[in-house]
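What follows is a short report on a single structure.
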Amino acid sequence: MTKWTTKIGAAIIVLLVLVAFCAPLIAPHDPNTYHLDMKFDGPHWGYWFGNDVDGRDLLSRIIYGARVSLGIGVAVVGISTIVGSVIGLIAGYKGGIIDQFQW
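So that you can map any letter, position 39 of the sequence shown is 135 in the numbering used here, and since no number is skipped, the others follow by simple counting.
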């Protein structure tokens, strides 16, 4: 991997984390506010990504969704690290058949 692709990847991750943490400041509208008169309204200046079936702002819902996605990703990495470390420690200490355990 070249240096510039690493920098671009790191910039994307930093941007996602910033968006997730600053969602209340960045989102233009409340993601759960219903506007029944604006169902399936297309993109325009007030709602850049348009509205869903209940008239909720899609851009705000995507921005707030980044928080959930980031939290799930961090939780999965943490759980995998703990489980893998425990299996590795047991395999290193005991050896034998546990050394052959793979998923």
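C-beta atoms are modelled at their ideal positions from N, C-alpha and C, and glycine is treated no differently.
Please work out which residues of its chain come closer than 6 angstroms, Cβ to Cβ, to residue i, disregarding the five sequence neighbours upstream and downstream, and give them in chain order.
{"i": "D150", "result": "Y130"}
{"i": "A187", "result": "I194, D195"}
Rounded to whole angstroms, what's the CA-CA distance from residue i to residue j? Just pull it up for me.
{"i": "I159", "j": "G180", "result": "32 angstroms"}
{"i": "V172", "j": "P127", "result": "26 angstroms"}
{"i": "F233", "j": "G142", "result": "This structure cannot settle anything about residue 233, because the visible part of the chain is limited to 97 through 199."}
{"i": "V115", "j": "I178", "result": "28 angstroms"}
On the three-state DSSP scale, how would you describe residue i?
{"i": "D153", "result": "strand"}
Alpha carbons only, please: which of the options is nearest the one belonging to residue i?
{"i": "S165", "options": "W100, A107, L112", "result": "L112"}
{"i": "L132", "options": "N147, V182, I175, A106", "result": "N147"}
{"i": "L121", "options": "S156, F136, V110, T98", "result": "S156"}
{"i": "W144", "options": "A123, Y189, V170", "result": "A123"}
Below 8 angstroms on the Cβ atoms is my contact criterion, and I expect residue i with residue j to pass it. Report the Cβ-Cβ distance as a whole number of Å.
{"i": "A119", "j": "R152", "result": "Between R152 and A119 the Cβ distance is about 15 angstroms, and since that is not below 8 angstroms, they are no contact."}
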